[in-house]
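Trainee:
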Amino acid sequence: MPVASGHPRYPKVRALLPRTRLAYVHLQNLLTDAKRDRAARVFGYVAIWLPEELLMLYMEEGDVVNATATADGRRWRALPIGEAIAKVPSAAEYGEICFHEAEDEQLAAMYATQLTPDLGWPPELPAASTSAMLGNLMATLFDGLVEIVADGAVNYVVFQHGMPLRAYFADDATDGDVGPRARSLLDRAFQNGGSARRWDVPPVLPNQAAPALIAAYRDLVTTLVRRLQEAGAESALPVAERARHQLMERHPALERFSLTIPSQRDPVVDAAELSAAIGAWLSETLWHLHLPDGVAVEPLLADVTRSRRHLFQAAGLFEALPWNIPW
């Protein structure tokens, strides 16, 4: 059954765009409006039900910072932001979309439960027993997160020292203490084929490198190699490709930066790791390349990075290079 025909519900603070047919919404305009107005730069998620998969765009302060996708609602994969957005047709006949504001802690919980393995439960714990499960959490002074899926609703309960501390519930009801509501949800989940899984305290939501930064780094390396070839370093391309292959085990993002394969998919990587990878690549290439007479590394790097100097500086590229760039 296509994901779009199902109705998984996630917690929200408020619905900025209730679930709507995708044909009525221009995604790029929606994302642009989300960051244009400072007051509208919210934390939240955009869920997009396509005929064959569900996309989740994570937003912080109005910017898309990560993306995931699933074809069956159970197995998720991380997607490059640009690729995820490109999957949404501009004039979609089928599909639905919603834009919900959510707490940053909830976004971290959603991402962690989608992409990291759960801790499991002790094998001796009675199956589908709410009392046994809650008793185990209390006895072990559990600190972490429990995801409860009941009747298509995904809920998150944060535990501290084995006690429910706070929760993010998919329904709109706000009355009642966290503990009794969590117990009621567990009972409902076990009675109706739902699930309960647990994780350690999730890390903060990872922020992918922006598509614009990835494109800028592609252009930087291509421009550098071209300048070197024009200056007489004919081996610049093979040296750069050899350096990239040697560094891929330490910096997997470089797999998507081939200088000989056009139109590659973007990597799923944060800005700091991407800058470290590009810095290592540039360093390895320039250390092993015989530079033509009259070509010095520092002025060359200053020249090819000058037009995007502030972007690269904010991303940490210059700190990843062993040279001081003269400006």
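Numbering (the numbering used here), first residue to last: 47 to 373. A virtual CB, placed ideally from N, CA and C, is assigned to each residue, including glycine. Computed from a predicted structure; not experimentally measured.
1) From what residue to what residue does the alpha helix (DSSP H) around His-291 run?
2) To which residues of the same chain is Pro-372 closer than 6 Å at the C-beta, ignoring the five residues directly before and after it?
3) Pull up the DSSP beta-bridge partners for Trp-245, would you.
4) Determine the DSSP secondary structure at His-334, reduced to helix, strand or coil.
5) Quick one, which of Pro-163, Tyr-56 and His-207 has its alpha-carbon nearest Trp-245's?
6) Beta carbon of Arg-234, beta carbon of Ala-196: below 7 Å?
7) Excluding the 5 residues flanking Ala-155 on each side, which residues of the same chain have their C-beta closer than 6 Å to its C-beta?
8) Who are the near neighbours of Ala-323 in its chain, counting only those whose CB is closer than 6 Å to its CB and skipping five residues on each side?
9) Within its chain, find whatever has a CB closer than 7 Å to the CB of Pro-64; leave out the 5 residues flanking it on each side and keep chain order.
10) Determine whether the beta carbon atoms of Thr-374 and Arg-229 lie at a separation below 7 Å.
11) Measure the C-alpha to C-alpha separation of Ser-51 and Pro-97 and round it to an integer number of angstroms.
12) Excluding five sequence neighbours on each side, which residues of the same chain lie with their C-beta closer than 6 Å to the C-beta of Ser-309?
13) Comparing the CB of Met-105 with every heavy atom of the ligand SAH, is any distance shorter than 6 Å?
14) With H, G and I counted as helix, E and B as strand and the rest as coil, what does DSSP make of Ala-210?
15) What separation, rounded to the nearest whole angstrom, lies between the Cα atoms of Pro-172 and Ala-178?
16) Do you know offhand how far Arg-352's Cα is from Leu-103's?
17) Measuring alpha carbon to alpha carbon, tell me which residue in Val-200, Glu-330 and Gly-240 is nearest Phe-215.
18) What would DSSP say about Thr-159, mapped onto helix, strand or coil?
19) Could you check the C-alpha separation between Glu-276 and His-334 for me, to the nearest Å?
20) For Asn-253, which residues in the same chain have their Cβ closer than 8 Å to its Cβ, ignoring the five residues on either side in sequence?
21) Taking only three categories from DSSP, how would you classify Gly-198?
22) Do Ala-115 and Arg-123 have their C-beta atoms closer together than 7 Å?
23) I'd like the span of the alpha helix (DSSP H) that includes Ala-348, first residue to last.
24) Distance check for Gly-208 and Arg-55, CA to CA, integer angstroms please.
25) So what does Ala-93 bridge to, in DSSP terms?
26) Quick one: residues in its chain with C-beta nearer than 6 Å to the C-beta of Val-88, no 5 flanking neighbours on either side, listed in chain order?
Mentor: The answer reads as follows:
1) 282-293
2) Glu-344 and Ala-348
3) Leu-191.
4) helix
5) Pro-163
6) yes
7) Leu-191, Tyr-202 and Pro-248
8) His-297, Ala-299 and Leu-300
9) Cys-144
10) Because the chain here runs from 47 to 373, residue 374 falls outside it and cannot be looked at.
11) Only weak support exists for where Ser-51 lies, its pLDDT of 45 falling under 50; the value from the coordinates is given anyway. Whole-angstrom Cα-Cα distance: 8 Å.
12) none
13) Among the ligands in the structure shown, none appear at all, so the ligand SAH cannot be discussed.
14) With the sequence shown as reference, residue 210 is identified as Pro, and Ala is not the correct amino acid for it. DSSP places Pro-210 in strand when its eight states are reduced to three.
15) 7 Å
16) 32 Å
17) Val-200
18) DSSP places Thr-159 within a helical segment (H, G or I) once states are collapsed to three.
19) 18 Å
20) Glu-106, Val-111, Asn-112, Asp-316 and Ala-317
21) coil
22) yes
23) Start and end: 343-351.
24) 26 Å
25) Met-102 and Cys-144
26) Glu-147
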